[in-house]
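Beneath this line is the structure, given in structure tokens, with notes to follow.
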Amino acid sequence: MLIEIHFTAEAIVTPPEKLPSREIGAAVEFLGIVRELENGDALAGLFYEAYEPMARRVLERHFEALAGIHPCAAVHFIHRTGWVPVGEASLFIRVLSSHRKEALAFLGDAIDRLKQDVPIWKRISRPENS
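For the sequence shown, position 105 (counting from the first letter as 1) is numbered 209 according to our numbering, and the numbering increases by one without interruption.
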């Protein structure tokens, strides 16, 4: 395991320009990255397809339900479609909340629900020489 620890007086990350509330104290972000190996086999990348109108409705329903369980002020969701090579991000989610506990719980549950029933499909592409 690689561990890197840094301390700095400089800005670490730029938060969103406009926060939806003055009570926001937590911004939790997740990047899903296309890995090089899947079950020990090499990948060239993934090809994603989505039925976007339905995916949008299902995600909105899930996010609204999760906000009732884990109060959050905002969620920013981006999922790539088409070809995504190894090492690039296919998924970005940012959750804003007053407290980290709610933001982390919301994020974890959102990813679980995404994998369950949101109409986004992936095809694995292997390197030509494998």
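Glycine included, every Cβ here is placed at the ideal spot set by N, Cα and C.
If you're wondering where the values come from, they're calculated on a predicted model, not measured in any experiment.
- CA-CA distance, residue 215 to residue 197, rounds to 9 angstroms.
- The beta carbon of residue 213 is closer than 6 angstroms to those of 170 in its chain, skipping five residues each way along the sequence.
- Setting aside the 5 residues that flank it on each side, residue 206 is surrounded in the same chain by 130, 174, 175, 176, each with a C-beta closer than 8 angstroms to its C-beta; the list follows chain order.
- As summarised for the segment 137 to 195, the continuous alpha helix (DSSP H) elements at least 4 residues long and confined to that stretch are 156 to 173, given in chain order.
- Counting C-beta atoms within 10 angstroms of its own C-beta, residue 149 has 16 or more neighbours from the protein chains shown and is therefore classed as buried.
- Annotation for residue 228: 142, 147, 150 place their beta carbon closer than 7 angstroms to its own, counting only its chain and skipping 5 residues before and after.
- Boundaries of the alpha helix (DSSP H) around residue 215: 204 to 221.
- The beta-carbon distance between residue 132 and residue 208, rounded to whole angstroms, is 6 angstroms. This is short enough to meet the 8 angstroms contact definition.
- Assigned with DSSP and collapsed to three states, residue 126 falls in coil, not helix or strand.
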